[in-house]
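Residue 1 is where the sequence shown starts when you use UniProt numbering, and the numbers rise one by one after that.
C-beta atoms are modelled at their ideal positions from N, C-alpha and C, and glycine is treated no differently.
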Amino acid sequence: MDQPTTLESALHELIQTYHELNFNRVDVRPHPASPAEFLRDVMINRPVVYKGAATELPAYTRWNVDYLLSKMGDCEITVAQTPYGNADSMVFNDADGRNYFVMPYEGPENFKSFIRHLQEQKLNPDNASPRVKYSQSQNNNVEEEYSPLAEDLGNGIPWAEVALGQNPDATNIWIGNERSVSAMHKDNYENLYCQIRGRKKFTLISPLETVCVGEKSLPQARYELTDDPENPFQIMPDSPETLVHGWPTMDPDVGDDENEWWKLCRPIHVVLEPGDILYLPAMWYHKVAQESGDEGICCAVNFWYDMEYSGPFYPTVNFVRNISLLSTLQKKQDDKDADKR
Numbered sequence: 001m002d003q004p005t006t007l008e009s010a011l012h013e014l015i016q017t018y019h020e021l022n023f024n025r026v027d028v029r030p031h032p033a034s035p036a037e038f039l040r041d042v043m044i045n046r047p048v049v050y051k052g053a054a055t056e057l058p059a060y061t062r063w064n065v066d067y068l069l070s071k072m073g074d075c076e077i078t079v080a081q082t083p084y085g086n087a088d089s090m091v092f093n094d095a096d097g098r099n100y101f102v103m104p105y106e107g108p109e110n111f112k113s114f115i116r117h118l119q120e121q122k123l124n125p126d127n128a129s130p131r132v133k134y135s136q137s138q139n140n141n142v143e144e145e146y147s148p149l150a151e152d153l154g155n156g157i158p159w160a161e162v163a164l165g166q167n168p169d170a171t172n173i174w175i176g177n178e179r180s181v182s183a184m185h186k187d188n189y190e191n192l193y194c195q196i197r198g199r200k201k202f203t204l205i206s207p208l209e210t211v212c213v214g215e216k217s218l219p220q221a222r223y224e225l226t227d228d229p230e231n232p233f234q235i236m237p238d239s240p241e242t243l244v245h246g247w248p249t250m251d252p253d254v255g256d257d258e259n260e261w262w263k264l265c266r267p268i269h270v271v272l273e274p275g276d277i278l279y280l281p282a283m284w285y286h287k288v289a290q291e292s293g294d295e296g297i298c299c300a301v302n303f304w305y306d307m308e309y310s311g312p313f314y315p316t317v318n319f320v321r322n323i324s325l326l327s328t329l330q331k332k333q334d335d336k337d338a339d340k341r
């Protein structure tokens with residue numbers, strides 16, 4: 001292999017070498033992991049599906065709609081709303097011709113009303129409200145607004161806690177339907193994603209492929225509700241302007257055949273069935289779509305564990321991100337210089 005002579009060629013070699021040494025698939029294990037097995041998976045920072053592992057949680061057998069309504073009833077929860085189901089994503093604002101990182105409108109809602117809204121969209125789509133709603137708060141919501149359901153998670157995932165030597169930093173319940181899609185993003189957590197009802201479709205990209213995902217700094221905005229039934233949402237930019245840095249703008253389901261970096265990227269696709277657990281390693285990019293179950297909802301629980309910041313992994317990934325940014329800036333400058341000649 002030739003010695004790299006530029007930042008661009010060094011990044012090319014890094015990505016190609018990674019793909020040569022790693023299969024473009026998710027390992028699937030037929031059973032829950034032992035602590036030693038899980039620790040080995042964490043050490044190599046590769047996603048794994050543990051088939052049927054979530055069936056050990058009492059929630060798996062209990063959480064049908066009738067049970068959820070009996071436990072949550074008229075409790076208020078925080079519900080997110082968007083016009084297209086595009087949670088926390090880059091959106092073009094027609095009002096000023098700019099791209100924004102747009103967060104959903106969030107407000108309190110009766111749990112029973114929320115579930116009925118989801119079911120109506122699934123079972124009677126022609127007459128259902130077009131608003132896309134989902135419950136996605138990531139503030140350890142099992143201990144807060146979903147506390148009536150906490151006992152259904154039993155002792156959590158003991159083999160993960162033994163392997164990592166810690167309890168989850170946060171445990172979050174997600175409820176929605178197929179109209180919601182989580183845009184590609186990454187989290188600095190070791191995530192065990194437990195599918196309870198419905199299915200999840202993950203698109204995964206390694207953190208070493210950061211140059212492929214088009215990270216940018218975007219001004220932040222939020223959806224607000226209007227009184228117009230035809231256009232119930234408007235984009236409200238932050239004032240004063242605030243920026244979200246390092247947001248991936250590439251949609252892996254669309255791609256960009258003219259982008260040389262994207263041609264090197266190898267997204268991994270995996271479908272999570274009810275009862276499965278996905279180990280989603282820290283700092284992996286992921287886009288998530290879902291399918292409702294027979295009762296019209298999709299429901300999952302994720303256990304977030306603090307990632308290990310000591311050792312080489314975290315600084316190495318950030319170094320690769322910085323090199324990717326420098327390479328992009330260098331390419332733009334080279335193109336400008338070429339145009340002047």
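With a minimum length of 3 residues, the unbroken runs of beta strand (DSSP E) contained wholly in the region 70-115 fall at 76-82, 89-93, 98-103 and 105-110. Under the three-state reduction of DSSP output, Tyr305 falls in the strand class. Judged by beta-carbon spacing, Gly73 lies within the 9 Å limit of Lys112, meaning their Cβ atoms are closer than that value. Every beta strand (DSSP E) stretch that sits fully inside the region 199-279 and reaches 3 residues is listed by chain position as 199-205, 215-225, 233-237, 243-248 and 268-272. Pairing Asp227 with Ser34, the inter-Cα distance amounts to about 54 Å. Look at Asn322 here: in three-state DSSP terms it is helix. For the 9 Å CB-CB criterion, Glu224 and Tyr309 do not form a contact. Fully contained in the region 12-81 are the following alpha helix (DSSP H) runs of length 4 or more, in chain order: 35-44, 58-62 and 65-72. At the C-beta level, Leu153 and Val162 stay beyond 9 Å of one another. Beyond the five residues adjoining it in sequence on each side, Leu69 comes within less than 8 Å, by CB distance, of Phe111, Lys112 and Ile115 in the same chain, given in chain order.
A Cβ-Cβ separation of about 18 Å leaves Glu120 out of contact with Ile77 under the 8 Å criterion. For a cut-off of 8 Å, the C-beta gap from Lys216 to Trp247 is around 6 Å, short enough to register as a contact.
In this chain, the alpha helix (DSSP H) harbouring Trp159 covers Pro158 to Leu164.
In this structure the region 284-303 touches the region 188-204; the number of beta carbon pairs closer than 8 Å is three or more.
At least 9 Å separates the beta-carbon of Ala282 from that of Asn167. Assignment of Glu120 by DSSP, reduced to helix, strand and coil, places it in the helix class. A Cβ-Cβ distance of about 30 Å is found for the pair Ile323 and Tyr193, leaving them out of contact under the 8 Å criterion. Contact check between the region 293-311 and the region 168-178: three or more CB pairs, one atom from each, fall below 8 Å, which counts as touching. Here Ala289 is bridged, per DSSP, to Lys201. Taking a cut-off of 8 Å on C-beta distances, the region 251-258 does not touch the region 3-11, as fewer than three cross pairs fall below it. Apart from the 5 residues on each side of it in sequence, Leu39 sits with its Cβ closer than 7 Å to the Cβ of Ala163 in its chain, given in chain order. Look at Val317 here: in three-state DSSP terms it is helix. With 16 or more other CB atoms across the displayed protein chains lying within 10 angstroms of its CB, Val213 is buried. Between Thr82 and Ser182, the C-beta spacing is not below 9 Å.
Counted as a single uninterrupted DSSP element, the beta strand (DSSP E) harbouring Trp174 occupies residues Ala170 to Gly176. Distances from the alpha-carbon of Ala10 to those of Lys331, Lys332 and Ser327 put Ser327 closest. When DSSP reads this structure, Glu295 sits in no beta bridge, so it has no partner. By the criterion of a C-beta distance shorter than 7 Å, Gly85 is surrounded in its chain by Val132, Arg179, Ser180 and Val181, once the five residues flanking it on both sides are discounted.
For His19 and Trp262, the gap between their C-alpha atoms comes out near 14 Å.
Contact between Arg25 and Ile268 holds: CB atoms are separated by about 6 Å, below the 8 Å threshold. According to the DSSP assignment, Tyr146 belongs to no beta strand (DSSP E), since it is labelled neither H nor E. If you draw a 10 Å sphere on the C-beta of Met307, you find 16 or more other C-beta atoms in it, and that means buried. In this structure Ile235 is not in contact with Val79, their Cβ atoms being roughly 19 Å apart against a cut-off of 8 Å. As the crow flies, the alpha-carbon of Ile157 is around 32 Å from that of Arg321. Residue burial is scored here from C-beta neighbours: Met43 has fewer than 16 other C-beta atoms within 10 angstroms and is therefore classed as exposed.
Leu123 is a Cβ neighbour of Gly296, given a cutoff of 9 Å.
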